[in-house]
Ligand SMILES: Nc1nc2c(ncn2[C@@H]2O[C@H](COP(=O)(O)OP(=O)(O)OP(=O)(O)O)[C@@H](O)[C@H]2O)c(=O)[nH]1
Ligand SMILES: [Mg+2]
């Protein structure tokens, strides 16, 4: 696979150049808008970069020069301000889209810079609309393209989408499968395509990263998240596993003093496991609590469930996090939540810098695509998944292959 970048002053011009260079079958795998040049942040020109992948076989077939655009010759062809070529198999890409017809649009000529005619804002708006239409065309084309793929690739796409993998991500996965197989393999080897698809999902999930203890000082881990997602139960599971199975010295601190029952909930677990629990009402007490537990191997910090939409609550949580300076902050997410909400929760909690995520209540969720969507979109590592109410059993460091199978194969049942 060859990956190339094209930068121009509009999406359309960049697409035109990519199409002329690489042919109709190239895939847009990423688009980005940015500003270039200017002085002290002023007068910078808006630029559009598209990253395009093409099968080397296809590139050879396309070595014939593409038909010139109507009305475009070497004099009228849009200017490319930067052009980069790169061979990079592993580079993560955001959205995989085919763009056969979209680039057929002829760019609207914009007035020269400095031309302050009243028509300029209208022309710019029109240009924007054309770009949006071109993007929508890309999406439509990707769906049309899918229909021309071998049936098992279409089924794979349906499985992913049925399993709540975002459509654009499912398209990207299927396109990556296609690009990594020869045409013959694509047509005749469905099992090979399935294995390739699993491999691609595994690479998107990445290696899970559970708690690793420090040498000579305690590892401090804070759990944060919305209300009722399972923070306290997850802490109890981790504490029991580290203390009873791995024979480590564990200590608990709770900052959740909003509800009496919350302290009692954790105290009950601490007593059963036989480990100390400190309660901190204010930042000063948090410092004292951590000092008391300084000889422990692991200190787990429980926090009150926070409404991600309440900035005051989030910044109050941030103050506690600043005082305790944990080695890692884990965002606990309920798997049974829509991707858009999960991403919103992540974005709002990430004000306090999230290091890893934990997905709880996997047992209650029929679908698992949300896990992939969040991990891929946020590029955050998964630490654990929990799959039941039993302490300490219902927690595990997920096996990415098993997770990928759940995402692909349970979806297939529903296809
Ligand atoms: N089915 C299922 N239930 C879970 C899981 N983890 C936690 N729960 C349940 O979810 C409920 C809430 O759990 P808590 O641990 O109190 O949640 P929390 O995030 O600490 O809640 P707040 O402190 O109130 O924000 C309890 O009934 C738990 O037993 C899980 O993996 N699967
Ligand atoms: Mg709790």
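Residue numbers (the working numbering): 119 to 533. Using N, Cα and C, we set each Cβ at its ideal position, and we do this for glycine too. What you are looking at is a predicted structure, and each value in this text was computed from that prediction instead of being measured.
The segment 332-345 and the segment 300-316 do not touch, with fewer than 3 CB-CB distances between them shorter than 8 Å.
Not one heavy atom of ligand 2 is found less than 8 Å from the C-beta of residue 507.
Per DSSP, residue 162 lies in no beta strand (DSSP E) segment and is marked neither H nor E.
For residue 302, the distance from the CB to the nearest heavy atom of ligand 2 is not below 8 Å. Going by beta carbons, residue 454 and residue 482 fall inside the 9 Å limit. Considering only 351, 385, 393, 353, the residue with the shortest C-alpha distance to residue 365 is 393.
Between residue 299 and residue 310, the beta carbon gap of about 7 Å places them in contact (Cβ cut-off 8 Å).
Rounded to the nearest angstrom, the gap between the Cα atoms of residue 318 and residue 164 is 34 Å. With fewer than 16 other Cβ atoms from the protein chains shown falling within 10 Å of its own Cβ, residue 425 counts as exposed.
Taking every residue with its beta carbon within less than 5 Å of a heavy atom belonging to ligand 2 gives, in chain order, 349, 350.
Taking a 10 Å sphere around the C-beta of residue 444, we find 16 or more other C-beta atoms and assign the residue as buried. At least one heavy atom of ligand 1 lies less than 8 Å from the C-beta of residue 482. Residue 369 carries a strand assignment under DSSP once its states are collapsed to helix, strand and coil. Looking at the backbone, the Cα of residue 421 and that of residue 446 are separated by about 14 Å. In terms of Cβ geometry, residue 450 and residue 469 do not form a close pair [threshold 9 Å]. Residue pairing from DSSP places residue 149 in a beta bridge opposite 168. In the assembly as shown, residue 382 is an exposed residue. Its beta-carbon has fewer than 16 other beta-carbons within 10 Å. About 6 Å separates the CB atoms of residue 368 and residue 414; that is less than 8 Å, so the two are in contact.
Shown here, residue 267 sits in coil according to DSSP, grouped into three states, outside any helix or strand. Contact check for residue 478 against residue 504 passes: the beta carbons are separated by less than 9 Å. In the assembly as shown, residue 251 is an exposed residue. Its beta-carbon has fewer than 16 other beta-carbons within 10 Å.
It is roughly 23 Å from the alpha-carbon of residue 465 to the alpha-carbon of residue 290. Its Cα nearest to that of residue 391, the residue 358 stands out among 397, 402, 358.
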